Structures are given as structure tokens and as C-alpha cells.
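Below is one structure, written out as C-alpha cells, with a few remarks after it.
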Amino acid sequence: MKSEEFIKFSDPMKLFSSWISEAKEKEVNDYNACCLATCDAAGIPSARMVLIKTFDERGFVFYTNLHSRKAKEFERNVRVALCFHWKTIRKQIRIEGPLLELPKNEADKYFESRPRESKIGAWASKQSSHLPEGYQSLEKNIKFYENKFKNKTIPRPSFWSGRIVVPEKIEFWKDVKNRLHERVLFKTDNEKWLKEYLYP
Ligand SMILES: Cc1cc2nc3c(=O)[nH]c(=O)nc-3n(C[C@H](O)[C@H](O)[C@H](O)COP(=O)(O)O)c2cc1C
1009 MKSEEFIKFS DPMKLFSSWI SEAKEKEVND YNACCLATCD AAGIPSARMV
1059 LIKTFDERGF VFYTNLHSRK AKEFERNVRV ALCFHWKTIR KQIRIEGPLL
1109 ELPKNEADKY FESRPRESKI GAWASKQSSH LPEGYQSLEK NIKFYENKFK
1159 NKTIPRPSFW SGRIVVPEKI EFWKDVKNRL HERVLFKTDN EKWLKEYLYP
């Protein structure tokens, strides 16, 4: 009953590439969104959505504020998990592994490509901190940075950067009728990928 593609692919990054291309074509919004799970020092988990902006042989890249709750958690515990789910194509991908810092020059290059308003937003948002005067505090910060960077190039804030999720496990899940879903798990072993099938 195994799908052709589960049999055919021995490199999970290639299978990921194939599924994300399909999602890009068919998903209405944010085909590259996935849930990122982190754990605090006491082992208490938390999860939120992020966008995976690129992926390559190193892993999966997302960007965030390094003072945010997630960053405080992953700075202490670099082991994280990602979960993609695409409703339109009824597929899920789960990824687990440690985080690596994205080289600063790559983060600079990505930041440079963002619209000016998003750059100001990155400076103005103290992501995950309490807003003392409600939304006004954010508007005040936006005005402040618009003024500060008026007619100037906006540099990447040092507290905003990218991280790479280095996959040690990647599991692909595909909907099959009668809940007899297909699952294939890839695990790294001495830089090789081992493949196994799982019960639904
Ligand atoms: C579809 C979607 C994509 C998102 N992408 C990102 C992202 O790439 N980076 C980010 O920091 N927050 C992103 N967010 C916001 C986060 O889910 C979250 O609210 C924020 O990062 C604060 O999380 P934290 O308090 O756990 O650090 C996204 C939210 C949604 C719904």
C-alpha cells in the first residue's frame, strides 16, 4: 500500500522539497507556515507558528526576535520541533533537531530584502513583552524608528535574526482513507538517512 514517492525517495530533503512545492501551488495562504515547539528550562513546552523562509542541506531557516519567549527558550535548550500541516493536500511533516545560528551575513541579506515597513516593525516590536499602554506603545515605537531612520538605510537589529533547524528526524504523513494513513520516518545515522515505516 506504500505510495510510490515513499518508496522512491531515500533523501528526506528531496521529498520535503517535493511536498512544499505542491503546498506552494495549492495552499491558499502561508504554505511555508509551520508550528515551532520549544521547551523552557523546566521542560514545559510551548508552540507557535513561524514561516520557513529557506531550506538547504543545513536545515530549515526561520527568523525571529531574539528577545521573544521562543528565543529565550531555544537559547537555553536548542532542541526544537517543527510541524507542517497542509489542509488542502492532507499532508503533515514533522521535523526534530537542534538549532544553529544563521550566519549574520545571511540574516543581513534577508533583512535587507524586506519591505521598509517590516524593517521598522522589527525595530519597534519588543516581541512577547507586555505592552504598557496597549497598542499605543507600539505605535509610539514605530513613529520613533520612522523618524530615526528617515532617509537612511535601516540596518538589521542585533536582536532580530535567523535560526536553522538541523533535522535529525523527519516524518512524512499522508492521509489515506479509513485512517490507514501512511507514515515514513527518516533518522540521521552517521550523516546517512535511515528510513522506516510507521503504523498510522
Ligand atoms: C502564519 C504565521 C506565521 C508566523 N511567522 C512568524 C515568524 O516567521 N517569526 C516570528 O517570530 N513569528 C511569527 N509568527 C508569530 C508567532 O506565531 C508568535 O506569535 C510570535 O513569534 C511570538 O511568539 P513567542 O511569544 O512564543 O516568542 C507567525 C504567526 C503566524 C500565525
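So for the sequence shown, this note's numbering puts the first residue at 1009; every next one is plus one.
Here a beta-carbon is modelled for each residue, glycine too, at the ideal position from N, C-alpha and C.
In this text the structure is predicted, and so the values were computed from the model without any measurement.
DSSP state of residue i mapped onto helix, strand, coil
| i | result |
| --- | --- |
| Ile-1172 | strand |
| Asn-1159 | coil |
| Asn-1073 | strand |
| Gln-1100 | strand |
| Tyr-1205 | strand |
| Gly-1105 | strand |
| Phe-1024 | helix |
| Ser-1166 | coil |
| Phe-1017 | coil |
| Ile-1060 | coil |
| Ile-1178 | strand |
| Asp-1183 | coil |
| Val-1032 | Per the sequence presented here, residue 1032 reads as Lys, with Val not at that position. Helix, per DSSP. |
| Asp-1197 | strand |
| Arg-1084 | helix |
| Leu-1188 | coil |
| Leu-1110 | coil |
| Ala-1045 | strand |
| Ala-1055 | strand |
| Ala-1089 | strand |
CB-CB length for residue i against residue j, believed under 8 Å
| i | j | result |
| --- | --- | --- |
| Glu-1190 | Phe-1014 | 6 Å |
| Pro-1053 | Ala-1041 | 19 Å between Cβ atoms; not a contact. |
| Val-1086 | Phe-1070 | Their Cβ separation, rounded to whole angstroms, is 14 Å, which puts Val-1086 and Phe-1070 out of contact at 8 Å. |
Buried or exposed (CB count within 10 angstroms, at least 16 for buried), residue i
| i | result |
| --- | --- |
| Pro-1020 | buried |
| Thr-1161 | exposed |
| Pro-1175 | buried |
| Phe-1152 | exposed |
| Ala-1130 | buried |
| Ala-1115 | buried |
| Arg-951 | Residue 951 lies beyond the residue range present for the chain, which begins at 1009 and ends at 1208; the question has no answer from this structure. |
Touching or not, the region 1186–1202 and the region 1154–1164, by the rule of three or more beta carbon pairs under 8 Å? no
Examine the Cβ distances between the region 1073–1085 and the region 1021–1031 and report whether three or more of them are shorter than 8 Å. no
Sufficient close CB pairs (3 or more, under 8 Å) joining the region 1091–1105 to the region 1113–1120: no
Inspect the CB distances between the region 1102–1109 and the region 1167–1179 and report whether three or more fall short of 8 Å. yes
Minimum length 4: unbroken alpha helix (DSSP H) runs contained in the region 1120–1144: 1124–1132
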